[in-house]
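Each residue of the sequence shown is one higher than the one before, counting from 394 in my numbering.
Just so it is clear, CB atoms sit at the ideal spot from N, CA and C, and this is done for glycine as well.
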Amino acid sequence: MKIAVLGGGLTGIALANTLTLRGHDVTVLEKEANTGGLCRSETKDGFTFDIGGSHIIFSRDKEVNDFLCDVLTENKDKRKRNTKIFFKGAHVKYPFENGLHDLPPEDRFFCINEFVKNLIALEKGELKKPENFREWIYYTFGRGIAESYMVPYNEKIWNYKTEDMSLHWVDGRIPRPPVEDIIKSAIGIETEGYTHQSVFTYPIHGGIEAMVNALKEPVKDKIITDCEVTGVVRNGNQGGGKVSNGGNAGFVVKTSKGDFTADKVISTLPPTVLLSCLKNAGANVPKDAASACENLRYNSIACIGIGVKGGVGDISWMYIPQTDIGAFNRISFPSNFSTAVAPKGCSSVLAEITYNDGDKISKMRDEELVDEVVRGLIKMNVVKSRDDVVFTSVHRYEYAYVVYDLEYLKNVKIMREYFESQGIDLVGRFSEFEYLNMDGCIRHVLDYAANIGNAKK
Ligand SMILES: Cc1cc2nc3c(=O)[nH]c(=O)nc-3n(C[C@H](O)[C@H](O)[C@H](O)COP(=O)(O)OP(=O)(O)OC[C@H]3O[C@@H](n4cnc5c(N)ncnc54)[C@H](O)[C@@H]3O)c2cc1C
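Rendered as structure tokens:
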């Protein structure tokens, strides 16, 4: 079958790889000069940074984890996670509830006392079932952990009020603490949370993009870059009507490099982008589908790479719930993932700031973002002085995080049904509009490919 894959991020490249192996004739159409999407990395002046935010390879799904690791062959290293939360100057072990002993005594008491009070209320049936993310946090962790970490951190990363967020996604994503772990953690007995991520894999050379490049290698002649998709037309049908049973509708994909025909179109593009492609091609989009796509909420990200002289300690990455330290919600230390990503005698820090169009961060110039981060790093004692900063870079991605607001489930259903009715398949983080990490994207790719099956000889 002749298949057009719209977008050449990890999902698009993995689709090309797996569907080609099954004998299909795949073409990937990517608007940027480089493939990789959020999984791109850049090397300059000896520093390699993941420019779409810090990425590590981990998964509960063994088949997927093996898929992501095996493609790297020798170019990979395994590291033990050493992750912290920056709290009033202390480095608290991650997840927070496993690091209570690291808190100042007053805060430790607040967290454990409120956790116990909450547990008693829960046992007595006095707690109302949570209806939003904020209520779920209080219900699960009690007021102490909620107000010290969970609420401020989540409101910083999501750039959204936790009471306006849905809770359908938290199970499996946010670890629920066993009582014994909380008690052990408060008195200083080591416990581990979120264990499937406690050891992670990272490429030695080339940052996370090395993994996408390795997947791309066998199919690189099937990828067209600098090729923005601007329209999708079904042959003999300029709009409405349902494609029967996902059959071969026959499509023309319009791009900045001309038209491509395909039996099947798989989109990895955000819904609003795909919607404009249909509209540009004359589709008569129903009002509810258009407004569902437009109302799906997402965040953008600015990733600020900082190269420094000397060391930065042995932490893998650190969460920063406090707003007075800086706008960044997380810093990671790529030079602790691989020694090959910073010049000898230097280290690296990558700061992530989420923002939305029109807010204060979106209006800041690159120099101002660097300044914001360096000031914060000095306050945190990660960097001693400005003179130690030898390299800086700033990259922004419009589509970084899917935000699960209270209308999400309704809107996402309408959006998916609409594109399905147009015979277009959706695979990937923004296309499906789901909080998929790389492993989730690969799982969906593998399932999709298995479902399509091999090409007919
Ligand atoms: C800050 C951050 C940290 C993360 N860390 C991790 C991690 O540690 N581990 C992990 O497993 N996952 C992590 N992820 C998730 C991971 O980045 C995603 O799951 C994955 O990259 C999604 O890939 P994708 O191909 O579906 O989407 P994308 O990467 O968004 O790719 C979409 C592609 O479509 C292209 N495109 C858009 N419009 C058009 C158009 N009109 N025509 C043609 N092409 C177009 C884009 O240029 C892009 O290349 C992280 C994400 C973020 C934001």
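Checklist entry - Where do the ends of the alpha helix (DSSP H) carrying TRP529 lie? => result 526-538
Item to check | Own chain partners of ILE746 with C-beta closer than 6 angstroms, once the 5 adjacent residues on each side are dropped | outcome: ALA695, ALA720, PHE721 and ILE754
Item to check | Closest by C-alpha distance to GLY402, when choosing among ILE396, ALA426, GLY416 and LEU414 | outcome: ALA426
Checklist entry - What are the boundary residues of the alpha helix (DSSP H) that TYR801 is part of? => result 801-814
Checklist entry - Bridge partners of GLY698, per DSSP? => result LEU743 and SER786
Checklist entry - Quick one: is the Cβ of ARG809 within less than 7 angstroms of any heavy atom of ligand 1? => result no
Item to check | beta-carbon GLU760 near ligand 1 non-hydrogen atom, thresh 7 angstroms | outcome: no
Checklist entry - Just the Cα atoms here: how many angstroms apart are VAL572 and ASN547? => result 22 angstroms
Checklist entry - If you draw a straight line from the alpha carbon of GLU585 to that of PRO727, how long is it in whole angstroms? => result 23 angstroms
Next on the checklist: Quick check: is any heavy atom of ligand 1 less than 7 angstroms from the C-beta of LEU839?
Outcome noted: no
Checklist entry - Does the beta carbon of LYS455 fall short of 7 angstroms from some heavy atom of ligand 3? => result As for ligand 3, it is missing from this structure, which binds only ligand 1.
Item to check | Any non-hydrogen atom of ligand 1 within 7 angstroms of THR661 CB | outcome: yes
Next on the checklist: Just to confirm, is the Cβ distance from ILE567 to TYR712 under 8 angstroms?
Outcome noted: no
Item to check | GLY537: CB within 7 angstroms of a non-hydrogen atom of ligand 1 | outcome: no
Checklist entry - Is the Cβ-Cβ distance between GLY624 and ALA674 less than 8 angstroms? => result yes
Checklist entry - Where do the ends of the alpha helix (DSSP H) carrying ASP574 lie? => result 572-580
Checklist entry - Short check: CB of LEU689 to CB of VAL678, under 8 angstroms? => result no
Next on the checklist: Just verifying my parser: in three-state terms, what is the DSSP assignment at ASP463?
Outcome noted: helix
Item to check | Integer Cβ distance of GLY445 from CYS432, believed to fall under 8 angstroms | outcome: 6 angstroms
Next on the checklist: Do VAL563 and PHE526 have their beta-carbon atoms positioned less than 8 angstroms apart in this structure?
Outcome noted: yes
Checklist entry - Just how far apart, CA to CA, sit ALA733 and ASP470? => result 11 angstroms
Checklist entry - In or out: ASN410 buried (at least 16 other Cβ within 10 Å) or exposed? => result buried
Checklist entry - When DSSP builds the beta bridges, which residues end up paired with MET477? => result The residue asked about is misnamed: residue 477 is Lys in this sequence, not Met. LYS486 and MET711, per the DSSP bridge assignment.
Item to check | Validate contact between the stretch 828-837 and the stretch 435-452 using beta carbons, cut 8 angstroms, 3 pairs | outcome: yes
Checklist entry - If you run the structure through DSSP and keep just helix, strand and coil, what is THR436? => result strand
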